[in-house]
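> Just so you know, the sequence shown maps onto residues -29 to -1, 1 to 167 in mature numbering (1 follows the signal peptide of the UniProt record, and there is no 0).
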Amino acid sequence: MKIKQQRFITSTAAVLMVCLLVSGYFAVAQSGSSDDPLVTQSYLDAVITPKAMQTAEDAANAQANTLSARINELSQKLNESITAAAAAVASDETFLKRVSAAGGGTAADSGTWQSLTLSAGQKVYLAAGAEVVLRSGAATCVESGGRGLVNLSEVGELSEGEALDLYALYTATTQSAGLQATERTKVLISGDYSVA
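Spelled out as structure tokens, the structure:
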């Protein structure tokens, strides 16, 4: 009986010892607490965060590059379409006659439109009622007597220094209003003019 009692006491003592050790371990450091974190803050700061930021930045840059390329492609197609349509309209004599007549002028005959190439800095002074279409290049408005050019395509008036739009039809409402080329420029002119 002593042996049984001794075994029982030894077994009970061993079980109690194991229970005390396990509960002591859990009491001192619970998994996931600040004493025993599952992942340390320094690991997050040094490894996880930089990798996540780089992955996000790479994905954003790739998406931005894709969108930028698509925008450039569509913009180029749109510019080509606009240029082709504007060239077709500018060479359509019937259209030019209709626009001229709608603007209060007289319909121009095909022989009255003259093509003129200007160098940067050159000025064209138009007679009152003369019309001009900017075909290529760039030019700004030159006023005469406080009046500039009237844009018959968009129904508006340009003041001194304002840029002319490509393929828009302009008319001079006063003598010597006109345009100044800011680069090599081609224009179509109907009516009297002088170049300076």
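Quick reminder that beta carbons are idealized off the backbone N, C-alpha and C, glycines included.
Please report the straight-line C-alpha distance between Ala99 and Asn122, rounded to a whole angstrom.
Answer to the nearest angstrom: the Cα atoms are 14 Å apart.
> Please determine, among Thr(-20), Leu97 and Ala40, the residue with the shortest C-alpha to C-alpha distance to Gly149.
Checking every option, the nearest Cα to that of Gly149 belongs to Leu97.
> In chain order, what residues of the same chain have a beta carbon less than 7 Å from the beta carbon of residue 170, not counting five sequence neighbours either side?
Lying outside -29 to 167, the shown extent of the chain, residue 170 is not represented and no answer is given.
> Using the C-alpha atoms, what's the distance from Lys48 back to Thr11?
In a straight line, the C-alpha of Thr11 is about 54 Å away from that of Lys48.
> Could you check where the beta strand (DSSP E) with residue 168 kicks off and where it finishes?
Because residue 168 is not part of the residues shown, which for the chain are -29 to 167, the question remains open.
> Look up Tyr14 in the DSSP assignment and say whether it is helix, strand or coil.
If DSSP states are grouped into helix, strand and coil, Tyr14 belongs with the helices.
> Please classify Val158: is it buried, with 16 or more other beta-carbons within 10 angstroms of its beta-carbon, or exposed?
Classification for Val158: buried.
> Compute the Euclidean distance between the alpha carbons of Leu(-14) and Arg(-23), then round it to the nearest angstrom.
The straight-line gap from Cα to Cα measures roughly 14 Å.
> Please report the distance separating the alpha-carbon of Ala35 from that of Pro21.
Approximately 21 Å between the Cα atoms of the pair.
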